[in-house]
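Colleague:
Residue numbers (the numbering used here), protein chains in the order written: chain S, 1 to 210; chain X, 1001 to 1191.
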């Protein structure tokens, strides 16, 4: 018997093995009668040292019990937990709501699949948004339908065709600090299919005169 | 703690259909259980039979064991109840024993000499004890200390490593080498 294997058995006696080694050690005892006898002797050593050895040792007690267990049914305890009936109802109720929400979202996604894809230049500058699968439409610089067109942060100039131009404010401290922040937000918005909205332009109350 | 985890692994294996895993638990606890039951029945043969019955009951009850307590604590309760039922069924006067917990299992073996036990078994047990204790005395100091701290004081490998100021790997190796040295002397007695 290999020394490594027996050292592992010794550590198993002390409960000092990790999960993997533990299973290896247990398997080796189960398959090899000699290893099983070593397991038994290691425990006799410990019982003797702790003075818990009975007056009469019966090494064959476990073997005899094995014979009796052969007539016993094999235990199989299922691992999965069963859901109690009322818990099942509690769980399925919100699922119904989720199903409706999922349907709505799916419909929205289908509609938005035909809308333009937005790509933003994280470096700032003008980002052109091309319609999905088509050439980018001409940008109409004169049309400013966004109520935040006066915002000192960015000018959002939506086109009547399907392009949106983002023109960051140039060369100011605020621009350097805030433009990437707003760009990132618009990227998120585009993924969510939100158009014509620049909430941060609304929400970020920025005062230039301090 | 590590001991409980090891027992838990074995219990789960039994609950998963591995009967042989129960054999490992029996081997581990049989001496302790017989020793415990001997405090209720003076006849050691009876104690062994009761211990065997307790193990059988434990096996049958394992589907209901959820691990709320340590396996040995649960087994201990089954053994005590089985012993008490045995005493009651034989209509003997209850033995006067001091209240004992799962950790208090020691008693003087000389008190348990039984008329019905075979002389060979008693002699064998006596010889096993002498051989083991002598082998321990002859161990090198570091091996003897390591195995004593583990088996008698119940320290973990971590704690032993701290006490002996050595790595955990060295503790594991020393305890193993101590057991091997003792086992060389013990093996011929049990074969």
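Quick reminder that beta carbons are idealized off the backbone N, C-alpha and C, glycines included.
1) Helix or strand or just coil, what does DSSP make of residue 1110 (chain X)?
2) Taking the alpha carbon of residue 1079 (chain X) as the point to measure from, which residue in X:1119, X:1061, X:1066, X:1181 has its own alpha carbon closest?
3) With the cut-off set at 8 Å, would you say residue 45 (chain S) and residue 1182 (chain X) are in Cβ contact?
4) My assumption, with CB atoms under 8 Å, is that residue 1179 (chain X) sits in contact with residue 10 (chain S). Please give the rounded CB distance.
5) Is there a Cβ from chain X that is less than 8 Å from the Cβ of residue 69 (chain S)?
6) Which residue's Cα is closest to the Cα of residue 1035 (chain X): X:1024, X:1049, X:1023, X:1022?
7) Can you tell which of S:31, S:47, S:57, S:98 has its C-alpha closest to the C-alpha of residue 13 (chain S)?
8) Indicate whether at least one CB of chain S lies closer than 8 Å to the CB of residue 1080 (chain X).
9) In or out: residue 1149 (chain X) buried (at least 16 other Cβ within 10 Å) or exposed?
10) Quick check on residue 1030 (chain X) - is its C-beta less than 8 Å from some C-beta in chain S?
11) Under the rule that 16 or more other beta-carbon atoms within 10 Å means buried, what is residue 34 (chain S), buried or exposed?
12) Spell out a yes or no on whether the region 1022-1042 of chain X and the region 49-58 of chain S are touching, meaning 3 or more CB-CB pairs, one atom from each, closer than 8 Å.
13) Starting from the C-beta of residue 1022 (chain X), find all residues in its chain whose C-beta is less than 7 Å away, skip the five residues before and the five after it, and write them out in chain order.
14) Which term fits residue 1125 (chain X), buried or exposed, when burial requires 16 or more other beta carbons within 10 angstroms of its beta carbon?
15) Using only CA atoms, which one of X:1145, X:1174, X:1056, X:1074 lies nearest to residue 74 (chain S)?
16) Please name the residue in X:1175, X:1140, X:1144 whose C-alpha comes closest to that of residue 1156 (chain X).
17) For residue 1152 (chain X), count the other beta carbons within 10 Å of its own beta carbon; 16 or more makes it buried, fewer makes it exposed. Which is it?
18) Going straight from the alpha carbon of residue 1029 (chain X) to that of residue 101 (chain S), what length do you get?
19) Going by the beta-carbon positions, is the gap between residue 983 (chain X) and residue 62 (chain S) smaller than 8 Å?
20) Distance, Cα to Cα, residue 42 (chain S) vs residue 1132 (chain X)?
21) In the structure shown, what three-state DSSP assignment does residue 1169 (chain X) receive?
22) State the Cα-Cα distance for the pair residue 1163 (chain X) and residue 1024 (chain X), rounded to the nearest angstrom.
23) Report yes if the C-beta distance between residue 1146 (chain X) and residue 1171 (chain X) is below 8 Å; otherwise report no.
24) Does DSSP put residue 38 (chain S) in a helix, in a strand, or in coil?
25) Over what stretch of residues does the alpha helix (DSSP H) that includes residue 10 (chain S) continue unbroken?
26) Counting contacts by CB-CB distance shorter than 8 Å, is residue 1047 (chain X) in contact with chain S?
27) Verify the CB distance criterion: does residue 14 (chain S) have a CB-CB separation below 8 Å to chain X?
28) Between residue 33 (chain S) and chain X, is any beta-carbon pair separated by less than 8 Å?
29) Here's the rule I'm using: 16 or more other beta-carbon atoms within 10 Å means buried, otherwise exposed. How should residue 68 (chain S) be labelled?
30) Just checking: is the beta-carbon of residue 44 (chain S) within a distance shorter than 8 Å of some beta-carbon in chain X?
31) For the alpha helix (DSSP H) holding residue 75 (chain S), just list the boundary residues, first then last.
32) Got a sec? Which residues, its chain only, sit under 6 Å from residue 1010 (chain X) by beta carbon, not counting five neighbours each side?
33) Does DSSP put residue 51 (chain S) in a helix, in a strand, or in coil?
34) Just to make sure I have the definition right: I need the residues of chain X whose C-beta is within less than 7 Å of the C-beta of residue 47 (chain S). Which are they?
35) In angstroms, rounded to a whole number, what distance separates the CA positions of residue 1122 (chain X) and residue 70 (chain S)?
36) For the region 1170-1183 of chain X, list every residue whose C-beta sits within 8 Å of some C-beta in chain S, in sequence order.
Modeller: Here's the rundown:
1) Locating residue 1110 (chain X) in the second chain gives position 110, counting from the first residue. Because residue 1110 (chain X) carries a pLDDT of 43, less than 50, the predicted location of this residue cannot be relied on, and the following value inherits that uncertainty. Helix, per DSSP.
2) Residue numbering aside, residue 1079 (chain X) sits at position 79 when the second chain is read from its first letter. When each option's Cα is compared against that of residue 1079 (chain X), the closest is X:1061.
3) Looking up residue 45 (chain S) in the first chain gives position 45. Looking up residue 1182 (chain X) in the second chain gives position 182. In this structure, residue 1182 (chain X) lies closer than 8 Å to residue 45 (chain S) by Cβ.
4) For the purposes of this step, residue 1179 (chain X) is identified with residue 179 of the second chain, where counting begins at 1. For the purposes of this step, residue 10 (chain S) is identified with residue 10 of the first chain, where counting begins at 1. Contact flag correct, Cβ pair sits at about 5 Å.
5) If you number the first chain from 1, residue 69 (chain S) lands on position 69. Yes, residue 69 (chain S) lies at the interface with chain X (some Cβ there is under 8 Å from its Cβ).
6) Walking along the second chain from the start, residue 1035 (chain X) turns up at place 35. Among X:1024, X:1049, X:1023, X:1022, the Cα nearest to that of residue 1035 (chain X) is on X:1049.
7) Within the first chain, numbered from 1, the residue matching residue 13 (chain S) stands at position 13. Answer by Cα proximity: S:47.
8) As a position in the second chain, residue 1080 (chain X) is number 80, starting the count at 1. False, the Cβ-Cβ gap to chain S never drops below 8 Å.
9) Position 149 of the second chain, counted from the start, is the residue given in the question as residue 1149 (chain X). Residue 1149 (chain X) comes out buried.
10) Here residue 1030 (chain X) refers to the residue found at position 30 when the second chain is read from its first residue. True, the Cβ-Cβ gap to chain S drops below 8 Å.
11) Start at 1 with the first residue of the first chain, and residue 34 (chain S) comes out as number 34. Its Cβ having fewer than 16 others within 10 Å, residue 34 (chain S) is exposed.
12) yes
13) If you number the second chain from 1, residue 1022 (chain X) lands on position 22. The answer, listed in chain order, is 1014, 1059.
14) Along the second chain, read from residue 1 onward, the residue named residue 1125 (chain X) stands at position 125. Buried, by the Cβ-count rule.
15) Within the first chain, numbered from 1, the residue matching residue 74 (chain S) stands at position 74. Out of X:1145, X:1174, X:1056, X:1074, X:1056 has the C-alpha closest to the C-alpha of residue 74 (chain S).
16) Here residue 1156 (chain X) corresponds to residue number 156 of the second chain, with the count starting at 1. Ranking X:1175, X:1140, X:1144 by Cα distance to residue 1156 (chain X) puts X:1175 first.
17) Translated into positions along the second chain, residue 1152 (chain X) becomes position 152. Under this definition residue 1152 (chain X) is an exposed residue.
18) Reading the second chain from its first residue, position 29 is the one you call residue 1029 (chain X). Reading the first chain from its first residue, position 101 is the one you call residue 101 (chain S). So the two alpha carbons sit approximately 58 Å from each other.
19) In the structure as shown, chain X begins at 1001 and stops at 1191. Residue 983 (chain X) is therefore absent and cannot be evaluated.
20) Locating residue 42 (chain S) in the first chain gives position 42, counting from the first residue. Locating residue 1132 (chain X) in the second chain gives position 132, counting from the first residue. Those two C-alpha atoms are separated by around 11 Å.
21) Position 169 of the second chain, counted from the start, is the residue given in the question as residue 1169 (chain X). Looking at residue 1169 (chain X) - three-state DSSP - the assignment turns out to be helix.
22) Here the question's residue 1163 (chain X) lines up with position 163 in the second chain. Here the question's residue 1024 (chain X) lines up with position 24 in the second chain. Taking the straight line from one Cα to the other gives about 30 Å.
23) The residue you call residue 1146 (chain X) lines up with position 146 of the second chain. The residue you call residue 1171 (chain X) lines up with position 171 of the second chain. It is a contact, given that the beta carbons lie within the stated cut-off.
24) Along the first chain, read from residue 1 onward, the residue named residue 38 (chain S) stands at position 38. Here residue 38 (chain S) sits in helix by DSSP.
25) Locating residue 10 (chain S) in the first chain gives position 10, where the first residue counts as 1. 3-13 is the span of the alpha helix (DSSP H), which, as asked, contains residue 10 (chain S).
26) One-based indexing of the second chain puts residue 1047 (chain X) at position 47. Closer than 8 Å to some Cβ of chain S, the Cβ of residue 1047 (chain X) qualifies, so yes.
27) Against the first chain, residue 14 (chain S) aligns to sequence position 14. Closer than 8 Å to some Cβ of chain X, the Cβ of residue 14 (chain S) qualifies, so yes.
28) For the purposes of this step, residue 33 (chain S) is taken as the residue at position 33 of the first chain. Closer than 8 Å: no.
29) Taking the first chain and counting its residues from 1, one reaches residue 68 (chain S) at position 68. The residue is exposed, with fewer than 16 neighbouring Cβ atoms inside 10 Å.
30) Walking along the first chain from the start, residue 44 (chain S) turns up at place 44. Yes - at least one Cβ of chain X is within 8 Å of the one on residue 44 (chain S).
31) Here the question's residue 75 (chain S) lines up with position 75 in the first chain. Unbroken run through residue 75 (chain S): none, as it is neither H nor E.
32) Numbered from its first residue, the second chain carries residue 1010 (chain X) at position 10. Excluding residues within five positions, the ones whose Cβ falls inside 6 Å are 1021, 1024, 1025.
33) If you number the first chain from 1, residue 51 (chain S) lands on position 51. Three-state DSSP puts residue 51 (chain S) in coil, outside helix and strand.
34) Working through the first chain from its first residue, we reach residue 47 (chain S) at position 47. In chain order: 1031, 1032.
35) Taking the second chain and counting its residues from 1, the one referred to as residue 1122 (chain X) is at position 122. Taking the first chain and counting its residues from 1, the one referred to as residue 70 (chain S) is at position 70. When rounded, the distance between both Cα atoms is 30 Å.
36) 1172, 1173, 1175, 1176, 1179, 1180, 1182, 1183
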